[in-house]
Amino acid sequence: MIEYLKDSDFLVLLLKIVVIFGGVMGVLAYLTWLERKVIARVQMRPGPTRVGPFGLLQPIADGLKFLFKEDVIPTNANTFLYVAAPVVSLIPALLSFSVIPFGPSLQVTDLGVGLLFIFAITSLGVYGIVLGGWSSNSKYPLMGAMRASAQMISYELSLTLSVVGVLLIANTLSLAQLVVAQQRTWLGFIPRWNIFLRPIAFLVYVISAVAETNRLPFDLAESEQELVAGGHAEYSSLKFAMFMLAEYANMVTVSALAAIMFLGGWGGPAFGPGWLQAALPTVWFLLKVSVFIFFYVLMRATVPRFRYDQLMKFGWKFLLPLSLANIVLTSLIVAIAAS
Amino acid sequence: MIPVGWYLILSAILFLIGVLGFFTKRNIIALLLSIEIMLNAVNLTFVAFSAQHGQISGQIFVFFVLVVAAAEAAVGLALVIAIFRNRESLNVDRSNLLKW
Amino acid sequence: MIQTLFFFFAAIAVGAAINVLVQKHVLYSALSLILMLTAVSVLFILLRADFLAVMQVIVYAGAIMVLFVFVIMLLNLPQDEDGADRLRWLKFIGIPLGLFFLFLVVATLWNVESSVDTRSGISGSPLAIGRSLFTDFLLPFEATSLLILIALMGAVVFAKKDL
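Residue numbers (our numbering), protein chains in the order written: chain A, 702 to 1040; chain B, 635 to 734; chain C, 2 to 164.
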């Protein structure tokens, strides 16, 4: 193994890992600040303003608070699973960032099956919620966890199927290739993004993504008013913080996937001097991801939530047939266009 | 780098563990889990041979084994739920009404 | 490096499989099985079957085992009952016989020299699998889709409270 340390490619890879994961953790912390500010402004109040200018040190204060809280483990809880559940929730959420292309060469690894890798990792994240709810040995977490995980595995189907439309056009599963396939333009300036080519797939994907990450309007299983925060009810301090981090990381992952598959990834007009042109693709990518994250937070602030049976009915009886119909339609178009 | 024999030995070990589990466990769900271990060992053998001979049909067969395992797990678990609802116990020794 | 990875994940797979047998509560067995499935999936990647590896995680570890875990949690099973009286002699004879059989298998396979390195050869990309699946193996493919439909209907019918 030691000879790998002298290899400069390996060192560049380590640097990429540190930069990407460090950046992701920083973004996750400040996502809480963004959410609180935006929700506050929608509700016509200022939000956090006391800790630092514009409340910018609020996430740091929250992190310190989580660190210093008392760590309670319920008496009859299954200790091993209780402690392992937040870890099992967080690791897949962070692992998905290793295949997301932040720029033309800023990607930890480009798997040939990158998109499926993210779906595989997301489906492993269901276990964190299920184990967390069950090991707390209490009725509200169990109900909340069962509902949340049933919802997640239901909407995984329409999430994956809605993406197949995009894959039929791009003919590849690797995320870097998906971005490169959208770099052409019509008429010289309208970018050839998949959102214009497959709008139904885009809509189904966005709705499924919001349901998959247990966010409003699909968060009956973990909302404050309904089930006392659902599967996380018995968790405190750092374990609870890890669950929250995992939820935000999932949100950022699906937003990044939406930006890659439907909005052209890091593509965008390039201008300016050399150093600016090198940094501009990452800026465009982060801008597109921020659009989706802002949309997420805005939906949380404005939309009422679905009842659980309405939620499941919507997922199975409307979204799933719609995504299947979209696949049939797309394959027809691709087959006709190819002949 | 890694001779194909090592993969076959590993899958033989896994298959053996699955068989041992199938013979010694009395919980019906544990029996289903042992069957899954055996199926996985067979999958590993198929993929190892597919890599050795350079043909893709080994991997296609693993695909079908995966599908059959999914179907079998679903129906098996539905049967487990029905049995549990009737007998309140998942011990195989309690479900021996047809034994002579 | 590849050898280190192979031994590491093979050890995890065997350890997790043994843990499936050893655990008394069936939920821990199911979780060990998930670990074993993930380790075997990494071994698939070492054999250049990357599409199959990801399929194994999505289908096996991410869907079938979720079904198992749901059923175990909803049935709320107690610990396994003790008293393996009738099976005690089976364990004492069975395990040494099994080890002897394993010794025979290992002695046979140890000297198998593969003529082709398992790292070269085909690449299990989705393109290759798809091409073969939809041309040579189209009939089994359609048959398995029918099989899944039947299994779906069967599972729903069996698990209903009132038929």
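Beta carbons: idealized from backbone N, C-alpha and C, even for Gly. In this text, all values refer to a predicted model and were calculated from it rather than measured experimentally.
Residue i and residue j look like a contact to me (Cβ under 8 Å); what is the Cβ gap, rounded to whole Å?
i        : j        : result
A:Leu729 : A:Ile994 : About 11 Å separates the two Cβ atoms, so there is no contact after all.
A:Ser790 : A:Gly826 : 6 Å
A:Leu796 : A:Ile822 : 5 Å
A:Ser824 : A:Tyr783 : About 22 Å; that fails the 8 Å criterion.
C:Arg49  : B:Ala685 : 6 Å
A:Phe944 : A:His933 : 5 Å
A:Lys989 : A:Ala971 : Not really, about 15 Å apart at Cβ, beyond 8 Å.
A:Glu913 : A:Met853 : 6 Å
B:Asn674 : B:Leu648 : 7 Å
Starting from the C-beta of residue i, find all residues in its chain whose C-beta is less than 8 Å away, skip the five residues before and the five after it, and write them out in chain order.
i         : result
A:Leu1025 : Leu862
B:Ala707  : Leu666, Glu670
C:Phe168  : A query on residue 168 of chain C cannot be resolved here, the shown segment of chain C reaching from 2 to 164 and no further.
A:Ile1037 : none
C:Val117  : At C:Val117, the pLDDT of 49 sits below 50, so the modelled position is not reliable and the matter cannot be decided from this model.
B:Leu642  : Thr679, Ala682
C:Tyr29   : Asn20
Can you tell me the Cα-Cα spacing of residue i and residue j, whole angstroms?
i         : j         : result
C:Glu143  : C:Gly155  : 18 Å
A:Met1000 : B:Gly688  : 51 Å
A:Val1041 : A:Ala1002 : Because chain A in this structure spans residues 702 to 1040, residue 1041 of chain A falls outside the shown range and cannot be described.
C:Ile59   : A:Arg751  : 46 Å
A:Asp710  : A:Thr873  : 26 Å
A:Leu858  : A:Leu1021 : 7 Å
A:Ala1039 : C:Tyr61   : 35 Å
A:Ile718  : A:Gly829  : 24 Å
A:Pro842  : A:Gly931  : 5 Å
C:Lys162  : A:Lys840  : 23 Å
A:Leu714  : B:Ile715  : 49 Å
A:Phe890  : A:Phe986  : 18 Å
C:Leu139  : C:Leu91   : 45 Å
C:Gly95   : B:Phe657  : 9 Å
I'd like to know whether the C-beta of residue i is nearer than 7 Å to at least one C-beta of chain C.
i         : result
B:Asn788  : Outside the modelled stretch of chain B, which goes from 635 to 734, sits residue 788 of chain B, for which no answer is possible.
B:Asn661  : yes
A:Ala1026 : no
B:Val701  : yes
A:Phe711  : no
A:Ala1036 : no
A:Ser824  : yes
A:Leu874  : yes
B:Thr679  : no
B:Phe656  : no
A:Phe814  : A small fix is needed here, since residue 814 of chain A is Val in this sequence, not Phe. Chain C, which has a Cβ nearer than 7 Å to the Cβ of A:Val814, makes this yes.
Is residue i helix, strand or coil when you go by DSSP?
i         : result
A:Thr886  : strand
A:Asn915  : coil
A:Ile891  : strand
A:Asn872  : coil
C:Val117  : Because the pLDDT at C:Val117 is just 49, under 50, the model does not fix this residue reliably, and the value given afterwards should be weighed accordingly. It is coil, neither helix nor strand.
B:Asn730  : coil
B:Asn661  : strand
B:Asn725  : strand
A:Asn1027 : helix
A:Leu1020 : helix
A:Gly931  : helix
A:Thr750  : coil
A:Gly727  : helix
A:Arg1008 : coil
B:Ile651  : helix
A:Gly966  : coil
A:Ala971  : coil
A:Tyr936  : coil
By Cβ distance below 6 Å, which residues in the same chain neighbour residue i in space, the five residues on each side in sequence not counted?
i         : result
A:Glu739  : Checking the displayed sequence, the identity of residue 739 of chain A turns out to be Val instead of Glu. Hits under 6 Å: Val998.
C:Ala18   : Met37
B:Phe683  : Gly692
B:Asn661  : Leu724
A:Thr1031 : Gly866, Leu869
Give every residue of the same chain whose Cβ lies closer than 7 Å to the Cβ of residue i, excluding the five residues on either side of it in the sequence, and list them in chain order.
i        : result
A:Ser875 : Asp811, Leu812, Gly813, Gly815
B:Asn677 : Val696, Val699
C:Ala40  : Phe10, Ile13, Ala14, Ala17
A:Ala877 : Pro802, Gln808, Asp811
Within the 7 Å Cβ cut-off, does residue i reach chain A?
i        : result
C:Phe52  : yes
C:Ser126 : yes
C:Gly155 : no
Taking only beta-carbon positions, decide if residue i is within less than 7 Å of chain B.
i        : result
C:Val117 : Because C:Val117 carries a pLDDT of 49, less than 50, the predicted location of this residue cannot be relied on, and no value is offered for it.
C:Phe101 : no
C:Leu34  : yes
Hey, is residue i's beta-carbon within less than 7 Å of any beta-carbon in chain D?
i        : result
A:Gly833 : Absence of chain D from the displayed structure is noted, the protein chains being A, B and C.
Taking 6 Å as the cut-off, does the CB of residue i come closer than this to any heavy atom belonging to the ligand ADP?
i        : result
A:Ile896 : Because no ligand of any kind appears in the structure shown, any question about the ligand ADP cannot be addressed here.
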